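Student: Have a look at the structure that comes next, please.
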Amino acid sequence: MRMRVSVARAIAAEPKLLLMDEPFAALDEFTRQSLNDDLLKLWAEDQLTVIFVTHSVFESAYLSSRVAVMTPRPGEIAADIALSSPRGRDPGYRLVPEFTAAARQITTSLHGLMGTAR
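2 is the number of the first residue of the sequence shown in our numbering; add one for each residue after it.
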(Lines of atoms letter the chains of each structure in order from A and count residues from 1; the text may use other names and numbers.)
(Lines give C-alpha, C1' and ligand atoms only; values in the text may rest on other atoms or scores of the structure.)
Protein backbone atom coordinates (compact mmCIF):
# COMPACT_ATOMS: atom_id res chain seq x y z
CA MET A 1 0.00 0.00 0.00
CA ARG A 2 2.90 2.36 0.69
CA MET A 3 4.09 1.99 -2.89
CA ARG A 4 0.60 2.75 -4.22
CA VAL A 5 0.48 5.86 -2.04
CA SER A 6 3.91 6.95 -3.29
CA VAL A 7 2.83 6.57 -6.92
CA ALA A 8 -0.47 8.35 -6.21
CA ARG A 9 1.38 11.21 -4.52
CA ALA A 10 3.70 11.59 -7.54
CA ILE A 11 0.79 11.53 -9.99
CA ALA A 12 -1.30 13.98 -7.94
CA ALA A 13 1.08 16.76 -9.00
CA GLU A 14 0.03 16.04 -12.62
CA PRO A 15 3.58 15.72 -13.97
CA LYS A 16 4.31 15.34 -17.67
CA LEU A 17 7.28 13.08 -16.83
CA LEU A 18 7.45 10.42 -14.11
CA LEU A 19 10.83 8.94 -13.15
CA MET A 20 10.63 5.57 -11.39
CA ASP A 21 13.79 3.83 -10.19
CA GLU A 22 12.98 0.19 -9.40
CA PRO A 23 9.82 1.12 -7.49
CA PHE A 24 8.47 -2.44 -7.29
CA ALA A 25 11.71 -4.39 -6.74
CA ALA A 26 11.06 -5.26 -3.08
CA LEU A 27 7.53 -6.56 -3.67
CA ASP A 28 6.23 -10.09 -4.07
CA GLU A 29 5.44 -11.12 -7.65
CA PHE A 30 1.64 -10.86 -7.35
CA THR A 31 1.74 -7.36 -5.88
CA ARG A 32 4.36 -6.33 -8.42
CA GLN A 33 2.21 -7.52 -11.33
CA SER A 34 -0.83 -5.76 -9.88
CA LEU A 35 1.10 -2.49 -9.59
CA ASN A 36 2.41 -2.95 -13.15
CA ASP A 37 -1.22 -3.16 -14.29
CA ASP A 38 -2.12 -0.08 -12.22
CA LEU A 39 0.78 1.84 -13.74
CA LEU A 40 -0.31 0.96 -17.29
CA LYS A 41 -3.83 2.20 -16.51
CA LEU A 42 -2.50 5.47 -15.09
CA TRP A 43 -0.19 5.91 -18.08
CA ALA A 44 -3.07 5.39 -20.50
CA GLU A 45 -5.40 7.77 -18.63
CA ASP A 46 -2.92 10.59 -17.99
CA GLN A 47 -0.80 10.34 -21.16
CA LEU A 48 2.37 11.02 -19.21
CA THR A 49 5.88 9.90 -20.09
CA VAL A 50 7.32 7.33 -17.67
CA ILE A 51 11.01 6.45 -17.44
CA PHE A 52 11.09 3.20 -15.52
CA VAL A 53 14.33 1.64 -14.30
CA THR A 54 14.18 -2.09 -13.61
CA HIS A 55 16.42 -5.15 -13.58
CA SER A 56 13.47 -7.34 -14.53
CA VAL A 57 13.38 -8.39 -18.17
CA PHE A 58 9.73 -9.42 -17.82
CA GLU A 59 8.70 -6.14 -16.21
CA SER A 60 10.42 -4.16 -18.95
CA ALA A 61 8.80 -6.28 -21.67
CA TYR A 62 5.37 -5.80 -20.09
CA LEU A 63 5.46 -2.08 -19.34
CA SER A 64 7.51 -0.62 -22.16
CA SER A 65 7.12 0.71 -25.63
CA ARG A 66 10.89 1.21 -25.69
CA VAL A 67 13.68 -0.49 -23.70
CA ALA A 68 17.18 0.92 -23.32
CA VAL A 69 19.65 -1.77 -22.29
CA MET A 70 22.54 -0.22 -20.40
CA THR A 71 26.20 -1.26 -20.25
CA PRO A 72 27.96 -1.77 -16.94
CA ARG A 73 30.22 1.05 -15.81
CA PRO A 74 30.13 3.48 -17.38
CA GLY A 75 26.40 3.24 -17.99
CA GLU A 76 25.80 3.79 -21.69
CA ILE A 77 22.95 2.68 -23.91
CA ALA A 78 24.02 -0.57 -25.58
CA ALA A 79 20.68 -1.36 -27.20
CA ASP A 80 17.54 0.63 -27.92
CA ILE A 81 14.68 -1.80 -28.44
CA ALA A 82 11.33 -0.58 -29.76
CA LEU A 83 8.37 -2.71 -28.67
CA SER A 84 4.72 -2.50 -29.58
CA SER A 85 2.79 0.04 -27.57
CA PRO A 86 1.73 -1.10 -24.09
CA ARG A 87 -1.73 0.42 -24.62
CA GLY A 88 -4.42 -2.13 -23.97
CA ARG A 89 -2.10 -4.65 -22.31
CA ASP A 90 -3.62 -6.67 -19.55
CA PRO A 91 -2.46 -9.64 -17.45
CA GLY A 92 -3.21 -11.99 -20.37
CA TYR A 93 -0.51 -10.26 -22.41
CA ARG A 94 2.10 -12.06 -20.29
CA LEU A 95 0.97 -15.32 -21.92
CA VAL A 96 1.07 -14.38 -25.62
CA PRO A 97 3.92 -14.98 -28.09
CA GLU A 98 4.46 -11.22 -28.58
CA PHE A 99 5.40 -10.87 -24.90
CA THR A 100 7.74 -13.85 -25.09
CA ALA A 101 9.40 -12.41 -28.19
CA ALA A 102 9.93 -9.04 -26.47
CA ALA A 103 11.45 -10.71 -23.39
CA ARG A 104 13.68 -12.83 -25.65
CA GLN A 105 14.92 -9.77 -27.55
CA ILE A 106 15.78 -7.95 -24.31
CA THR A 107 17.46 -11.05 -22.85
CA THR A 108 19.52 -11.53 -26.02
CA SER A 109 20.77 -7.93 -25.74
CA LEU A 110 21.73 -8.50 -22.12
CA HIS A 111 23.56 -11.72 -22.94
CA GLY A 112 25.50 -9.86 -25.62
CA LEU A 113 26.72 -7.42 -22.96
CA MET A 114 27.71 -10.17 -20.56
CA GLY A 115 30.28 -11.36 -23.06
CA THR A 116 31.83 -7.87 -23.21
CA ALA A 117 31.64 -6.98 -19.50
CA ARG A 118 34.88 -7.65 -17.70
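Yeah, the Cβ is synthetic: ideal placement off N, Cα and C, and Gly gets one too.
Quick caveat: nothing in here was measured; it's all calculated off a predicted structure.
Taking only heavy atoms of the ligand FMN into account, decide whether any of them is closer than 7 Å to the Cβ of L41.
Tutor: Summarising the ligand content, the structure contains no ligands, and the ligand FMN is consequently not present.
Student: For T50, which of helix, strand or coil comes out of DSSP?
Tutor: In the structure shown, T50 sits in a strand (DSSP, three-state: E or B).
Student: So is R119 buried or exposed if we call it buried at 16+ other beta carbons inside 10 Å?
Tutor: Any reading at R119 is ruled out, since the residue's pLDDT is 45, under 50, leaving its predicted position unreliable.
Student: Buried or exposed for L40, going by 16 or more other Cβ atoms inside 10 Å?
Tutor: So L40 counts as buried.
Student: Taking just the CA atoms, how far does R3 sit from L43?
Tutor: About 17 Å.
Student: Name the residue from S61, D81, V97 and G116 whose alpha carbon lies nearest to the alpha carbon of A69.
Tutor: Minimum Cα distance to A69 is reached at D81.
Student: Go through its chain and collect everything with a Cβ distance to H58's Cβ below 8 Å, but skip five positions before and after it.
Tutor: Reading the sequence as shown, one finds Val at residue 58 and not His. Contacts found: A104, I107, T108 and L111.
Student: What number of angstroms, rounded off, separates the C-alpha of T72 from the C-alpha of I78?
Tutor: Answer to the nearest angstrom: the Cα atoms are 6 Å apart.
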